[in-house]
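What follows is a single structure, written as structure tokens, with notes after it.
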Amino acid sequence: MISYLKGQVIDIVKSTSNRLILILEVNQMGYEIQIPSRLARQVTQDAKEITQIFTHLQSREDQTILYGFASTAERDLFRQLIAVTGVGTQTAIALIDTLGLEELVQAIITCNIKTLSKPSGVGAKTAERIALELKTKLSQWRKNSGISVTSSTALPEREILEDVEMTLLALGYTNDEINQAVSALSQDELMLKNSSTEEWLRNAIAWLS
Numbered sequence: 013m014i015s016y017l018k019g020q021v022i023d024i025v026k027s028t029s030n031r032l033i034l035i036l037e038v039n040q041m042g043y044e045i046q047i048p049s050r051l052a053r054q055v056t057q058d059a060k061e062i063t064q065i066f067t068h069l070q071s072r073e074d075q076t077i078l079y080g081f082a083s084t085a086e087r088d089l090f091r092q093l094i095a096v097t098g099v100g101t102q103t104a105i106a107l108i109d110t111l112g113l114e115e116l117v118q119a120i121i122t123c124n125i126k127t128l129s130k131p132s133g134v135g136a137k138t139a140e141r142i143a144l145e146l147k148t149k150l151s152q153w154r155k156n157s158g159i160s161v162t163s164s165t166a167l168p169e170r171e172i173l174e175d176v177e178m179t180l181l182a183l184g185y186t187n188d189e190i191n192q193a194v195s196a197l198s199q200d201e202l203m204l205k206n207s208s209t210e211e212w213l214r215n216a217i218a219w220l221s
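Start counting at 1 in the sequence shown, then tack on 12, and there's your number in this note's numbering.
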């Protein structure tokens, strides 16, 4: 398994099936890596710049494909998506491309079927299956992590707290970072009265940044 590759971006080309292929040179070897368009807009072709791409290798009888992502969180979410029945690699990439990591994770956790159905080719039944299967996994992830918030006597509503914690975990933040962010935001009386999960998440990410 190749976890990541570091090298120079040589080119980004479109395949005959309209997929974006990144040519990355690593130790005088050129790797072809299929990437989301979001990543294509981020990387630059600079001889002095070294780019790190987090990868997922898929081997089939007829071909081997290397997929590339900007972060481990994005790559790991891709892996979880393709594990859902009926979700292929192109659907998973379309979800990441259309929604972005934060909005996609939030839509899964809150079972927002309308948002999950935005990408072309993702119907309501597929969106429902993604939300059902992955929300359960994220909930189990949260349980296994043993995450808890103890630094404040006042906390947001339990449902909001759980959604924010699971989303931030999926985005790669640590338990301590999440606890600190929630505790800091809980000092604000206006935030405690705010029942919007999106607002809590947006403010938590801003605080962590």
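Idealized CB from N, CA, C, for every residue including glycine.
It should be emphasised that the depicted structure is a prediction, and the values quoted were computed from it without experimental measurement.
Relative to the C-alpha of residue i, which residue among the options is closest?
i, options, result
"residue 197", "189, 29, 183, 212", "212"
"residue 123", "114, 132, 143, 138", "143"
"residue 38", "112, 19, 199", "19"
"residue 190", "175, 99, 103", "175"
"residue 209", "221, 28, 48, 194", "194"
"residue 218", "205, 201, 185, 207", "185"
"residue 69", "62, 80, 60", "80"
Can you list, in chain order, the residues of its chain with a C-beta nearer than 7 Å to that of residue i? Leave out the 5 residues immediately preceding and following it.
i, result
"residue 16", "64, 65, 66, 67"
"residue 31", "46"
"residue 43", "17, 36, 78"
Look up residue i in the DSSP assignment and say whether it is helix, strand or coil.
i, result
"residue 57", "coil"
"residue 112", "helix"
"residue 21", "strand"
"residue 62", "coil"
"residue 33", "strand"
"residue 134", "coil"
"residue 207", "coil"
"residue 96", "coil"
"residue 41", "strand"
"residue 179", "helix"
"residue 28", "coil"
"residue 129", "coil"
For residue i versus residue j, is the C-beta spacing smaller than 7 Å?
i, j, result
"residue 105", "residue 146", "no"
"residue 139", "residue 128", "yes"
"residue 109", "residue 50", "yes"
"residue 182", "residue 96", "no"
When the Cα atoms are used, what is the spatial distance from residue i to residue j?
i, j, result
"residue 115", "residue 180", "12 Å"
"residue 25", "residue 58", "16 Å"
"residue 171", "residue 216", "16 Å"
"residue 94", "residue 101", "6 Å"
"residue 99", "residue 13", "22 Å"
"residue 187", "residue 28", "44 Å"
"residue 107", "residue 132", "9 Å"
"residue 136", "residue 111", "16 Å"
"residue 207", "residue 113", "23 Å"
"residue 84", "residue 90", "10 Å"
"residue 177", "residue 221", "16 Å"
Quick check: is any heavy atom of the ligand FAD less than 6 Å from the C-beta of residue i?
i, result
"residue 188", "By its list of ligands, the structure shown contains no ligand whatsoever, and the ligand FAD lies outside what it can speak to."
Leaving out five residues before and five after residue i in sequence, what residues of the same chain have Cβ atoms less than 8 Å from its Cβ?
i, result
"residue 40", "none"
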